[in-house]
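Asks: I'd like to ask you about the structure that follows.
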Amino acid sequence: MSTPQVRVIAGDSAQEDRRDENRLQEQKTLVEVEHLKKYFPIRGGFFSHAVGSVRAVDDVTFDIRQGETFGLVGESGCGKSTLGRVILRLQEPTAGIVRFDGVDLTRLRPRQMRKMRQQMQIIFQDPFGSLNPRFTIGDIIAEPLVVHGVAKGREIEERVAELMRLVGLDPSRRNHYPHEFSGGQRQRVGIARALALNPKFIVADEAVSALDVSVQSQVINLLSDLQDELGLTYLFIAHGLNVVRHISDRVGVMYLGKLAEIAETDEIFGHAAHPYTAALLSAMPVPNPHRKRERIVLQGEVPSPAHPPQGCRFHTRCPFAQQRCREEEPQMREISAGHWVACHFPMGDVA
Amino acid sequence: MIAQTGQMPVPEPTLPERPESLMRAAWRRFRRNPLAMGGLVVFVIFAILAILAPWIAPYNPASIDLFNSDAPPSWQHLLGTDDSGRDIFTRILYGSRVSMLVGVLVAIGSVLIGCIVGAVAGYFGGWLDTVLMRIIDVMLSLPALFINILVLAIFGASFYLMILILVLTSWMGVARLVRGEFLQLREMQYVEAAKAAGASSVRIMFNHLLRNATAPIIVNATLMVGGAILTESALSFLGLGVQPPQTSWGQMLNNAQEYMLTNPMLAVYPGVCIFLVVLSVNFIGDGIRDALDPRQKAHIPKRRIAQWRDRFLKSST
Chain B
18 MSTPQVRVIA
28 GDSAQEDRRD
38 ENRLQEQKTL
48 VEVEHLKKYF
58 PIRGGFFSHA
68 VGSVRAVDDV
78 TFDIRQGETF
88 GLVGESGCGK
98 STLGRVILRL
108 QEPTAGIVRF
118 DGVDLTRLRP
128 RQMRKMRQQM
138 QIIFQDPFGS
148 LNPRFTIGDI
158 IAEPLVVHGV
168 AKGREIEERV
178 AELMRLVGLD
188 PSRRNHYPHE
198 FSGGQRQRVG
208 IARALALNPK
218 FIVADEAVSA
228 LDVSVQSQVI
238 NLLSDLQDEL
248 GLTYLFIAHG
258 LNVVRHISDR
268 VGVMYLGKLA
278 EIAETDEIFG
288 HAAHPYTAAL
298 LSAMPVPNPH
308 RKRERIVLQG
318 EVPSPAHPPQ
328 GCRFHTRCPF
338 AQQRCREEEP
348 QMREISAGHW
358 VACHFPMGDV
368 A
Chain F
4 MIAQTGQMPV
14 PEPTLPERPE
24 SLMRAAWRRF
34 RRNPLAMGGL
44 VVFVIFAILA
54 ILAPWIAPYN
64 PASIDLFNSD
74 APPSWQHLLG
84 TDDSGRDIFT
94 RILYGSRVSM
104 LVGVLVAIGS
114 VLIGCIVGAV
124 AGYFGGWLDT
134 VLMRIIDVML
144 SLPALFINIL
154 VLAIFGASFY
164 LMILILVLTS
174 WMGVARLVRG
184 EFLQLREMQY
194 VEAAKAAGAS
204 SVRIMFNHLL
214 RNATAPIIVN
224 ATLMVGGAIL
234 TESALSFLGL
244 GVQPPQTSWG
254 QMLNNAQEYM
264 LTNPMLAVYP
274 GVCIFLVVLS
284 VNFIGDGIRD
294 ALDPRQKAHI
304 PKRRIAQWRD
314 RFLKSST
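If you read the sequences in order, they're chains B and F.
The first sequence maps to residues 18 to 368 in our numbering.
The second sequence maps to residues 4 to 320 in our numbering.
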């Protein structure tokens, strides 16, 4: 199982080229998110009425192009997982629109939505909790096929075996239960389940965060191989920038329920414009002890999403914060082609 | 990857045979459980005796022989006769038909209703949960015996009506239990995964969650069998259950109360039967619960391990 790891390092430039080709061919937008909000009410008081709300996702707008991998990064609790779930309507949005292939998902009736789910799937972070302990692996992978009635009897068996081979599992183990598998194998089961219906779009919600590094690279390579073979579109949610850099075409940085910056991967890693992005990047370890870098160490804690700060949400921790940041909320604007940032004083601009 | 290295054989395109179905695996585990198998054997014997009662019973259960009352066990009357000279063995056989039918049907009925109500309340939550739970509270605060008496007195003492009433007054415990389990289980991530796969709420409730809630439900159901047999006896005592000359174990017990000091064996025979049936059902229930749990380790007896050790270890201690 060491071959894929080697490919990670050696195949980087080739992958880059291929992505460029993809980008030229397919500029069509698959997922459009407009002003999406998800507030969780905080209940309290005698009649448990809503006394406030946690703004997990607050007015997020972006789009994902067909065939690309959109990386979404941010620290724990910034709402990136919630965003992924709201896009798939696993949680109902408070406001806003999600368009998938031109269809407004937020207005679909439950039955229509269930049908729509054939085209969009999710891979979960926790390979232990996301598999029903009373189902065999075969039944878990077959579940989407059975639910949508796309295959019957022998066909299901064959498709399950095919999927298991695709993700590198032994089909003869399909009658075993999840507790008999390791974490990496279970994550493959989750991937096989997500692929069962040939979806167009997959949300990978920290799909590799729970795995150790060697298995991480295996799974990531598996995901990008599958993308090439099946033409998938990913929303790749992660908190590790290394992972995102390797797999993503474009990256969105999230802070406290809002998108701070969106740009192509190289642009983000080369010319980060938002101070928060810069801080994240400077926290990335560089495998070279002699290369000294200036580290931006953020002060303080993340403010509570129940009471986000006035003005720019990052101003409480931003080393470059000025009076304007405390008063006026910055809007997303395009500072160069395809590079969007929500900051009054983007770095490298005025300085 | 295997094909690339060229050392290992290429995986064959045909599908390997399906190793073992869930039910067969469960049966295999069930069979290895001596208590459960013992319970099953006892229960099956009782069931066969109940079904074949008209053919194996030596007497008519209602035929009175006042010249031979309170007879001790003999070859003519295997377990003796009661105060009216009726053959006790015959009456036990006929009584078992009523008692076992009541026990099993009531348990099945209340588990069905309880599971549906509890699943809906626990899974959907919110106002639906509140309404259903308040209905259960009301049902529980009404004395069950009172409702039984009322309905049976109005509509007449019919056997199936009695089973229906017993079911309708005993499903609340299961419903609460299932609701509690579901409240916990619905937060599991595999529920979200099923939702993402497009599974309907009904499918998630009864296919994904109920399987994970089986253990307490089965235990509860087995306890309910005994409870139903005893409730039936109480109703029979009040003249509302099984009508004489028909009989049941509960009725025989209540009959025996008067003669407790003169002929205590009248109470012992039906009592032992109830005890055996309830115990066997409990063992069966435990066996099913363990057999359905895929994480259950196969239990290897110490004797077997010792045998292996003798056979395969060179250095004997």
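Even glycine gets a Cβ: it sits at the ideal position worked out from N, Cα and C.
What's the gap between the Cα of Ala110(F) and the Cα of Ile139(F)?
Replies: The residue given as residue 110(F) occupies position 107 in the second sequence. The residue given as residue 139(F) occupies position 136 in the second sequence. In a straight line, the C-alpha of Ala110(F) is about 18 Å away from that of Ile139(F).
Asks: Quick check: what's the CA-CA separation for Leu316(F) versus Ala309(F)?
Replies: For the purposes of this step, residue 316(F) is taken as the residue at position 313 of the second sequence. For the purposes of this step, residue 309(F) is taken as the residue at position 306 of the second sequence. The straight-line gap from Cα to Cα measures roughly 10 Å.
Asks: Closest by CA to Thr282(B), which one among Met349(B), Val268(B), Gln135(B)?
Replies: Within the first sequence, numbered from 1, the residue matching residue 282(B) stands at position 265. Checking every option, the nearest Cα to that of Thr282(B) belongs to Val268(B).
Asks: Is His211(F) close to chain B? Criterion is C-beta to C-beta, closer than 9 Å.
Replies: Numbered from its first residue, the second sequence carries residue 211(F) at position 208. For His211(F), the answer is yes, since a Cβ of chain B falls inside 9 Å of its Cβ.
Asks: Would you be able to state if there are at least three C-beta pairs under 8 Å between the segment 83 to 98 of chain F and the segment 245 to 261 of chain F?
Replies: Counting Cβ pairs under 8 Å, three or more are found: they touch.
Asks: What does a CB cutoff of less than 7 Å around Met4(F) pick up in its chain, not counting 5 residues either side in sequence?
Replies: Position 1 of the second sequence holds residue 4(F). Residue placement at Met4(F) cannot be trusted, given a pLDDT of 41 that sits under 50; what the coordinates show is reported in the next sentence. For Met4(F), where only same-chain residues beyond five positions count, there are no Cβ hits under 7 Å.
Asks: DSSP puts Trp357(B) in a beta bridge; with which residues?
Replies: Here residue 357(B) is taken as the residue at index 340 of the first sequence, counted from 1. Answer by DSSP bridge pairing, in chain order: Ile279(B), Glu351(B).
Asks: Output the residue ranges of the beta strand (DSSP E) runs that lie fully inside the segment 275 to 310 of chain F and measure 3 residues or longer, sorted by chain position.
Replies: With a minimum length of 3 residues, no continuous beta strand (DSSP E) run stays inside the segment 275 to 310 of chain F.
Asks: Give the straight-line distance between the Cα atoms of Ala196(F) and Leu148(B), rounded to the nearest whole angstrom.
Replies: Here residue 196(F) corresponds to residue number 193 of the second sequence, with the count starting at 1. Here residue 148(B) corresponds to residue number 131 of the first sequence, with the count starting at 1. Rounded to whole angstroms, Ala196(F) to Leu148(B) spans 8 Å at the Cα level.
Asks: Looking at C-alpha atoms only, which residue of Ile291(F), Gly290(F), Arg306(F), Phe278(F) is the closest neighbour of Ser99(F)?
Replies: Mapped onto the second sequence, residue 99(F) falls at position 96. When only C-alpha atoms are compared, the closest one is Phe278(F).
Asks: Using alpha carbons as the reference points, say which of Asp242(B), Lys54(B), Gln327(B), Leu47(B) lies closest to Gly119(B).
Replies: For this step, residue 119(B) is matched to residue 102 along the first sequence. Nearest option by C-alpha distance: Leu47(B).
Asks: Determine the direct distance from the alpha carbon of Val314(B) to that of Arg124(B), and round the result to whole angstroms.
Replies: As a working note, residue 124(B) is residue 107 in the first sequence. As a working note, residue 314(B) is residue 297 in the first sequence. Spanning the two alpha carbons is a distance of roughly 43 Å.
Asks: Thinking just about the alpha-carbon of each residue, which of Gly328(B), Ala338(B), Cys360(B) is nearest to the one in Glu346(B)?
Replies: As a working mapping, residue 346(B) is identified with position 329 in the first sequence. Here the closest residue by C-alpha is Gly328(B).
Asks: In terms of residue numbering, what span does the beta strand (DSSP E) encompassing Arg341(B) cover?
Replies: Numbered from its first residue, the first sequence carries residue 341(B) at position 324. From DSSP, Arg341(B) is part of no beta strand (DSSP E) but of the alpha helix (DSSP H) over 340 to 344.
Asks: How big is the Cα-Cα spacing for His263(B) and Leu298(B)?
Replies: Translated into the one-based positions of the first sequence, residue 263(B) becomes position 246. Translated into the one-based positions of the first sequence, residue 298(B) becomes position 281. Distance between the alpha carbons of His263(B) and Leu298(B): 14 Å.
Asks: Note down, in chain order, every chain F residue with its Cβ under 7 Å from the Cβ of Pro161(B).
Replies: Against the first sequence, residue 161(B) aligns to sequence position 144. Ala200, Gly201, listed in chain order.
Asks: Alpha carbon to alpha carbon, how far is Leu212(B) from Ala168(B)?
Replies: Numbered from 1 along the first sequence, position 195 holds the residue referred to as residue 212(B). Numbered from 1 along the first sequence, position 151 holds the residue referred to as residue 168(B). Taking the straight line from one Cα to the other gives about 14 Å.
Asks: Does His361(B) pass the burial test, meaning 16 or more other C-beta atoms within 10 Å, or should it be called exposed?
Replies: The residue you call residue 361(B) lines up with position 344 of the first sequence. When all chains shown are included, His361(B) counts as buried.
Asks: Quick check: is the beta carbon of Gln192(F) nearer than 9 Å to any beta carbon in chain B?
Replies: The residue given as residue 192(F) occupies position 189 in the second sequence. Yes, Gln192(F) counts as interfacial toward chain B.
Asks: Which chain F residues sit within Cβ distance under 7 Å of Ile139(B)?
Replies: The residue given as residue 139(B) occupies position 122 in the first sequence. What Ile139(B) touches in chain F: Ala199.
Asks: Just the C-alpha distance for Gln83(B) and Tyr251(B), rounded to the nearest angstrom, thanks.
Replies: Position 66 of the first sequence holds residue 83(B). Position 234 of the first sequence holds residue 251(B). Using only the alpha carbons, I get a separation of about 9 Å.
Asks: Roughly how many whole angstroms lie between the Cα atoms of Arg307(F) and Tyr194(B)?
Replies: Here residue 307(F) corresponds to residue number 304 of the second sequence, with the count starting at 1. Here residue 194(B) corresponds to residue number 177 of the first sequence, with the count starting at 1. For Arg307(F) and Tyr194(B), the distance between alpha carbons rounds to 26 Å.
Asks: Please report the distance separating the alpha-carbon of Leu155(F) from that of Ser113(F).
Replies: Along the second sequence, read from residue 1 onward, the residue named residue 155(F) stands at position 152. Along the second sequence, read from residue 1 onward, the residue named residue 113(F) stands at position 110. Cα-Cα distance, rounded: 19 Å.
Asks: At 9 Å on the CB atoms, spell out the chain F contacts of Asn215(B), in chain order.
Replies: For the purposes of this step, residue 215(B) is taken as residue 198 along the first sequence, with counting starting at 1. Per Cβ cutoff of 9 Å: no residues; Asn215(B) is ~13 Å from chain F at best.
Asks: Grouping DSSP H, G and I as helix and E and B as strand, with all else coil, what is Ile81(B)?
Replies: In the first sequence, counting from the first residue as 1, residue 81(B) sits at position 64. In this structure, Ile81(B) counts as strand in the three-state DSSP scheme.
Asks: Which value, in whole angstroms, describes the spacing of the CA atoms of Val303(B) and Gly355(B)?
Replies: For the purposes of this step, residue 303(B) is taken as residue 286 along the first sequence, with counting starting at 1. For the purposes of this step, residue 355(B) is taken as residue 338 along the first sequence, with counting starting at 1. Approximately 27 Å, taken between the alpha carbons.
Asks: Are any of the Cβ atoms in chain B nearer than 9 Å to that of Arg182(F)?
Replies: Here residue 182(F) is taken as the residue at index 179 of the second sequence, counted from 1. Not closer than 9 Å to any Cβ of chain B, the Cβ of Arg182(F) fails to qualify, so no.
Asks: With a floor of 4 residues, list each alpha helix (DSSP H) that falls wholly inside the segment 167 to 200 of chain B, ordered by position along the chain.
Replies: Complete alpha helix (DSSP H) runs here, min 4: 170 to 183.
Asks: Between which residues of its own chain and Val134(F) is the CB-CB distance below 8 Å, once the five residues before and five after are set aside?
Replies: Taking the first residue of the second sequence as position 1, residue 134(F) is located at position 131. Excluding positions up to five away in sequence, the list is empty.
Asks: Determine, for Ala196(F), whether the minimum Cβ-Cβ distance to residues of chain B falls below 9 Å.
Replies: Within the second sequence, the letter at position 193 stands for residue 196(F). Closer than 9 Å: yes.
Asks: Need the endpoints of the alpha helix (DSSP H) that Asp222(B) sits in, please.
Replies: Translated into positions along the first sequence, residue 222(B) becomes position 205. Counting along the chain, Asp222(B) falls outside any alpha helix (DSSP H), though it belongs to the beta strand (DSSP E) covering 218 to 222.
Asks: List the residues of chain F that His196(B) touches, going by C-beta distances under 9 Å, in chain order.
Replies: Position 179 of the first sequence, counting from 1, holds the residue named residue 196(B). Near His196(B) (Cβ distances below 9 Å), the residues of chain F are Pro297, Arg298.
Asks: Given Arg151(B), which residues of its chain have a CB within under 8 Å of its CB, disregarding the five upstream and five downstream residues?
Replies: On the first sequence, residue 151(B) is found 134 positions in, with the first residue counted as 1. The answer, listed in chain order, is Tyr194.
Asks: Suppose you measure from the CA of Val163(B) to the CA of Arg35(F); what does that come to, to the nearest Å?
Replies: For the purposes of this step, residue 163(B) is taken as the residue at position 146 of the first sequence. For the purposes of this step, residue 35(F) is taken as the residue at position 32 of the second sequence. The straight-line gap from Cα to Cα measures roughly 33 Å.
Asks: For Ser173(F), name the three-state secondary structure that DSSP assigns.
Replies: Position 170 of the second sequence holds residue 173(F). Three-state DSSP puts Ser173(F) in coil, outside helix and strand.
Asks: Just to confirm, are Met349(B) and Ile254(B) a CB contact at a threshold of 9 Å?
Replies: As a first step, residue 349(B) is located in the first sequence; it is residue number 332 there, counting from the start. As a first step, residue 254(B) is located in the first sequence; it is residue number 237 there, counting from the start. Contact: no.
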